[in-house]
Structures are given as structure tokens and as C-alpha cells.
Amino acid sequence: MVGNERTDHAERLSVAHRVVDGIRVVTLRGEIDHTAKGLLAGVLVPEGDAALPPRVVADLEGVTFMDSSGINSFILAHQHLTAAHGWLRIAGAQEAVRRVLGLVGVDTVIDCHPTVEQALDG
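Everything in the sequence shown is counted per my numbering, starting at 2 for the first residue and increasing by one.
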């Protein structure tokens with residue numbers, strides 16, 4: 002594990018990220034809504050940082066709410082990372098967030114896992 006951890010804060014969303022075995026793990030806590038979409042997009046797919054791997058696990062264990070802005074951010078990140086020969090996986094989503102992901106079909110496009118460890122293992 003590489004210890005490049007940093008936390009950023011939006012109004013209701015905090016983000017920490019680290020690299021584990023060449024995979025970026027982005028840990029999100031709080032609410033993902035329209036006020037957080039810019040922050041979310043920036044950590045899932047950082048602009049101009051080719052040093053970061055195009056493989057990302059989004060840890061949603063601490064996310065209590067997500068609206069369509071979050072759905073759009075994850076779909077756009079998935080498309081961008083896939084085009085860069087990488088991938089996006091979602092891990093640890095709480096029941097309310099899992100329900101939203103399932104209702105709109107995100108779980109059929111982006112691999113969703115119960116834990117970060119399972120997402121890292123693929």
C-alpha cells in the first residue's frame with residue numbers, strides 16, 4: 002500500500018484516497034449530490050495526472066445519500082477509465098445507495114462488491 006492519503010472536504014462529502022497494489026482506492030463519506038459532483042469527478046478521474054493508475058475502487062461504505070449527480074459522475078468516470086484501459090469498481094455501498102445503483106442499472110455496468118477487499122481482488 003502506498004500512503005498517499007489526503008482528505009478534501011466539500012459541504013457534505015469528504016474524500017480520502019490512497020494507492021493499494023497499483024489500484025486507487027477512493028473513500029467517500031457523507032452525501033453525494035449536486036454540490037459534490039465536481040469534487041467527486043475530480044477524485045475519480047483527476048485531470049492531467051497520468052501517474053495515477055486508471056484502476057479505481059470507490060469505497061462507498063460511508064455514503065449515506067446519493068442522487069442522480071452521483072450516478073452521472075460514476076458513469077462518466079467508468080467511461081473515461083474504460084477508455085484508458087482501466088476500470089472502476091464500487092465497494093461497500095449501504096443498502097439505500099445499493100438500491101439506487103440497482104434501480105437505475107449502474108450495477109449492471111460497473112462491478113459492485115460488498116467490500117473494498119473483494120473489489121481489489123476483482
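We put the beta carbon where it would ideally sit given N, CA and C, even for glycine.
Residue environment for residue 106: exposed (fewer than 16 other C-beta atoms within 10 angstroms of its C-beta). At the C-beta level, residue 78 and residue 45 come within 8 Å of one another. Our two residues, residue 33 and residue 40, have alpha carbons roughly 10 Å apart in a direct line. Across the structure, residue 56 and residue 25 are spaced so that their CA atoms are roughly 6 Å apart. For residue 111 against residue 66, the beta-carbon gap comes to about 19 Å, at or over 8 Å, which does not count as contact.
Of the candidates 86, 21, 18 and 119, 119 places its Cα closest to the Cα of residue 92.
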